[in-house]
Amino acid sequence: MKKSSDAYERIYALVRNIPEGKVCTYGDIAEAIGSKGGARLVGWAMNGSHNANPPVPAHRVVNRLGQLSGKHHFPTPTAMQELLEAEGVKVKDDQILDFASHRWKPTLS
């Protein structure tokens, strides 16, 4: 279980570096921590991040198409969108508008 915990901490550290107003994909995060193909691991980490300290801005993590696929793991169905919009990211029908301009690509470790 320690290996998973270490991976979660690396994921959380990376997600904490996503700039406000930017989003990153599950797959990009997985690749950056050396777990190419580990998008599901990133998703599981985001699902468990709501009580992390310091906080993890999980609302900035979206799927490869820029969709809010993790929105159901927030307190309300619209919370993820509201958090993104408060940072200037426009969302329509659970899709980031102008995804390319909001996408942040982490440097590979």
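Take any residue in the sequence shown, count from 1 to its spot, add 166: that is its number in this note's numbering. Yeah, the Cβ is synthetic: ideal placement off N, Cα and C, and Gly gets one too.
From the DSSP output, in three-state form, read off residue i for me.
i, result
"Val152", "Given that the chain is displayed from residue 167 to residue 275, the structure contains no residue 152 and the question cannot be resolved."
"Arg176", "helix"
"Arg269", "strand"
"Val227", "strand"
"Lys168", "Because the pLDDT at Lys168 is just 49, under 50, the model does not fix this residue reliably, and the value given afterwards should be weighed accordingly. In this structure, Lys168 counts as helix in the three-state DSSP scheme."
Looking at the unbroken alpha helix (DSSP H) that takes in residue i, where does it start and where does it end?
i, result
"Asp259", "Per DSSP, Asp259 belongs to no alpha helix (DSSP H) and is neither H nor E."
"Glu197", "192 to 198"
"Ala218", "Unbroken run through Ala218: none, as it is neither H nor E."
"Gln247", "245 to 252"
Are the Cβ atoms of residue i and residue j separated by less than 7 Å?
i, j, result
"Ala198", "Met212", "no"
"Gly232", "Ile262", "yes"
"Leu234", "Asp194", "no"
"Ala173", "Tyr192", "no"
"Ile184", "Arg230", "no"
Taking the alpha carbon of residue i as the reference point, which residue from the options has its own alpha carbon closest?
i, options, result
"Ile177", "Thr244, Gly187, Pro221", "Pro221"
"Ala196", "Ala252, Val228, Glu186, Ala266", "Val228"
"Arg269", "Gly187, Lys258, Gly204, Phe240", "Gly187"
"Phe240", "Ala266, Arg230, Gly209", "Gly209"
"His276", "Lys237, Glu253, Ser201, Arg230", "No answer is possible for residue 276: it lies beyond the span of the chain, which begins at 167 and ends at 275."
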